[in-house]
Each structure stands twice: as structure tokens, then as C-alpha cells.
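Enquirer: A single structure is presented below for examination.
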Amino acid sequence: MIEYIYKRLIKGVLMKEKIYTIPVNDAFSSDCECPICSMYKALEDDAVSYTMGPSYMEDDIRDVTDKKGFCQKHLKKVYDCENRLGFALVMKTHLDRVIND
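What follows is the structure, given as C-alpha cells:
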């Protein structure tokens, strides 16, 4: 089944190379067990990098993380990002909100 999808997607029968198809084409052409898992991991890593990059200083982004927090799996990923100051700030404002609510 994966080979059929690969042939249809990569060979251009269903999907021509466009800016929005590049990640899909890259996932299907990479040497991995599952291209969908590969895309999921890339999206997850990008989201963590965005959250712990310069965006953690933006009030609107931190307001969302304050309200929602993180599940245990993603809290570990955020911690492993090695941005200790960002992690401390995100956790402090989140815990302040939890305590006050």
C-alpha cells in the first residue's frame, strides 16, 4: 500500500511539486519506516522549537501556553530544548495562572 501511495505521490500523478507538497514529498522519499510518522515528528519538533524560540517572549503566545499548559510528553520535549530561561518563564507564568484560578 505504501509503495502504491509513494508511486502516485512522488511520481507526480496526484501531486505536482508545489511549495506546500515539499514536506510530503520529502517524507515519502526519505529512508524511514513510516512517512506519516516522519511528518508528524517534524511538525512536533517544529512546534516545540517555535514555542521555545523567541516566541516565548510574546505575550499572546505565552498566554496560550499559560491557559493550556503541556501534556507530560510535550513538557519533556520543551524541557529537552535546553532553553532553561524560556522553560522557567513558561512554567512560572503557567503555574501562576493555575494557582490564581
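Counted from 1, the sequence shown has number 161 at position 38 by our numbering; the numbering is strictly sequential.
From the three backbone atoms N, C-alpha and C, an ideal C-beta is built for every residue, glycine too.
All values reported here derive from a predicted model rather than from experimental measurement.
Which residues bound the alpha helix (DSSP H) around PRO158?
Expert: By 1-based counting over the sequence shown, the position of residue 158 is 35. PRO158 -> alpha helix (DSSP H) spans 158 to 175.
Enquirer: Please classify SER153 as buried or exposed, where buried requires at least 16 other C-beta atoms within 10 Å of its C-beta.
Expert: In the sequence shown, the residue the question calls residue 153 occupies position 30. So SER153 counts as exposed.
Enquirer: Compare the Cα-Cα distances from MET214 to each of ASP203, PRO177 and LEU198 and report the closest residue.
Expert: In the sequence shown, residue 214 corresponds to position 91, counting from 1. Ranking the options by Cα distance to MET214, first place goes to LEU198.
Enquirer: Closest to MET180 by CA distance: which of LYS200, THR144 and PHE210 is it?
Expert: By one-based count along the sequence shown, residue 180 stands at place 57. It is PHE210 whose Cα lies nearest to the Cα of MET180.
Enquirer: Does the region 183 to 191 come within contact of the region 157 to 172, defined as at least 3 CB pairs closer than 8 Å?
Expert: No: fewer than three Cβ pairs fall under 8 Å.
Enquirer: Between which two residues does the alpha helix (DSSP H) holding SER178 run?
Expert: Residue numbering aside, residue 178 sits at position 55 when the sequence shown is read from its first letter. No alpha helix (DSSP H) contains SER178, which DSSP labels as neither H nor E.
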